[in-house]
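Position one of the sequence shown corresponds to residue 1 (the UniProt record's numbering), numbered consecutively onward. Quick notes on the structure that follows.
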Amino acid sequence: MTDFPLWAERLYNRPLALDRFKNEVLCEFAQTRITGARPQKLTSATLDRVDHDPERIQANEGFATFQGPNGVRRAFAAYGDIAVIPVRGSLVHRGGWLDAESGLIGYDFLLRQARAAATDDSITGMMLPFDSGGGECAGMFAAAEELASMAKAEGGKPIYAYLDERACSAAYVLASACDKIMGRREVMGGSIAAIINMVDKSKMYEKAGLEPIVIRAAWADRKAKWSGVEPVDAETISRLEEIVDEASEQIVEFVSAMRSDRGVSVKSLKQLRGEVFTGNDLLKFGLIDEIASEREAWDALIAEARSA
1 MTDFPLWAER LYNRPLALDR FKNEVLCEFA QTRITGARPQ KLTSATLDRV DHDPERIQAN
61 EGFATFQGPN GVRRAFAAYG DIAVIPVRGS LVHRGGWLDA ESGLIGYDFL LRQARAAATD
121 DSITGMMLPF DSGGGECAGM FAAAEELASM AKAEGGKPIY AYLDERACSA AYVLASACDK
181 IMGRREVMGG SIAAIINMVD KSKMYEKAGL EPIVIRAAWA DRKAKWSGVE PVDAETISRL
241 EEIVDEASEQ IVEFVSAMRS DRGVSVKSLK QLRGEVFTGN DLLKFGLIDE IASEREAWDA
301 LIAEARSA
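What follows is the structure, given as structure tokens:
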């Protein structure tokens, strides 16, 4: 994931569920690479501006440990009988072994932990602390739907989302799948919609004295029109708008279904216009259930989990 071409492929010409601030950081980094500037690699240090802080993460999760009651290491950390599954960093479809300390975290990685916690008899509930500006649409709905299926509302264990710093776009979609969403007053959340990034590199090639030549099948005149090596035409923009509209529609439909009992609807979500909000507004719009400290959120989850 530190190889730039592979990483950049995730950023451009596909629907993303990122907040504006995180998107600007990633695009700024990518554009410095496209134009030949430094830094050379995408690392957690690069993403520090918006995400990663291991000491804070360790403090927030308290004394959570991966060691189970029988001394065997588990796939998830737990504090007592509550599983702790942090959602921190940029969310990607398949991150493999990557976790929040890399600055990237895969939906697959989160689900492996949640599945293990859901089937562990020693676990009575799950706490998901959030600090994420979002990530890829690919894999997002499957992850959110499976997480929702594990929740108490579907006969599983209580799952709480705690918005520690941010839960925007794809991260908020995951949070909406939980039984309850609590967060700090100063938390940032929302940005409920998708975006697509695209760079028209044709002027850069022209300035360098290069003329990209793309050979297409006679019947495939629209093939690779998104590449950016040729001037971007209106039809390409229109097609990308259709794709991002479709992804955004799916996002608001999912979130409204998860939050319908809080008065959230597709119409009310669209009226938010993809904006980012802090705690009081998130509460007003039905996007969180309660403003609370982390300790208060833990106390509420423990009480509910142990009363079952």
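Glycine residues also receive a C-beta, built at the ideal position from the N, C-alpha and C atoms.
Considering only residues of the same chain and omitting the five flanking positions on each side of residue i, which have a CB-CB separation below 6 Å?
| i | result |
| --- | --- |
| I159 | M126, A151, C178 and D179 |
| G155 | none |
| S135 | This sequence places Gly at residue 135; Ser is not what is there. Cβ neighbours of G135 beyond the five flanking positions: S90, L91, V92 and A170. |
| L47 | Here L47 scores only 40 on pLDDT, less than 50, and its place in the model should not be relied on; the value that follows carries that caveat. Within the same chain, L47 has close Cβ partners G103. |
| Q113 | A75, F76 and I85 |
| L282 | G189 and I288 |
| I57 | Any reading at I57 is ruled out, since the residue's pLDDT is 35, under 50, leaving its predicted position unreliable. |
| E290 | M182 |
| A292 | M182 |
| R262 | G286 |
| D299 | none |
| E304 | P158 |
| D120 | none |
Whose C-beta lies closer than 7 Å to the C-beta of residue i among residues of the same chain, with five residues either side of it excluded?
| i | result |
| --- | --- |
| L301 | I82, G125, M127, P158 and Y160 |
| T236 | K225 and W226 |
| G274 | S191, I192 and A193 |
| L111 | A143 and E146 |
| A118 | M150, G156 and K157 |
| Q40 | Note that Q40 scores a pLDDT of 46, beneath 50, so its modelled location is shaky; the value from the coordinates is reported in the next line. Hits under 7 Å: none found. |
| A116 | R74, A75 and F76 |
| Q250 | F141 |
Considering only C-alpha positions, which residue in the set the options is nearest to residue i?
| i | options | result |
| --- | --- | --- |
| A78 | L287, R94 and S122 | S122 |
| D164 | A305, E294, E304 and A117 | E294 |
| N197 | R306, R216 and V232 | V232 |
| E230 | K201, Q250 and S238 | K201 |
| A143 | V87, A234 and G133 | V87 |
| Y172 | A117, T119 and F277 | F277 |
| R306 | G228, W219 and G80 | G80 |
| G133 | A117, I195 and D299 | I195 |
| I213 | W219, V199 and G228 | G228 |
| F141 | L272, L174, T119 and L240 | L174 |
| residue 310 | L240, A218 and D221 | Nothing in the structure corresponds to residue 310, since the chain is present only between 1 and 308. |
Within a Cβ cutoff of 8 Å, which residues of the same chain sit near residue i, ignoring the five residues on either side of it in sequence?
| i | result |
| --- | --- |
| P69 | S122 |
| I252 | Here the sequence assigns Val to residue 252, which means Ile is not the residue at that position. Same-chain partners within the cutoff: I192, A193, V266, L269 and K270. |
| L272 | G190, I192 and F285 |
| A217 | K223 |
Less than 8 Å separating the beta-carbons of residue i and residue j?
| i | j | result |
| --- | --- | --- |
| V264 | V255 | yes |
| G189 | L287 | yes |
| C137 | A257 | no |
| A167 | F130 | yes |
| S259 | S149 | Inspection of the sequence shows that residue 259 is occupied by Arg rather than by Ser. No, Cβ-Cβ distance for R259 and S149 is not below 8 Å. |
| E186 | G279 | yes |
| Y162 | A297 | yes |
Are the C-beta atoms of residue i and some chain C residue less than 8 Å apart?
| i | result |
| --- | --- |
| A167 | Note that chain C does not occur in the displayed structure, where there is just one protein chain. |
With contact counted as at least three CB pairs below 8 Å, one residue from each stretch, are the segment 204-215 and the segment 180-191 in contact? Short answer: they don't touch.
Please list the segments of the beta strand (DSSP E) lying wholly inside the segment 151-226, counting only runs of 3 or more residues, in order along the chain. 159-168, 180-183 and 188-190
For the segment 79-155, which segments carrying the alpha helix (DSSP H) assignment without a break, of at least 4 residues, lie completely within its bounds, in sequence order? 107-118 and 140-150
Quick check for students: name the residue ranges of the alpha helix (DSSP H) that lie wholly in the segment 253-308, counting only runs of 4 or more. 266-270, 279-284 and 294-307
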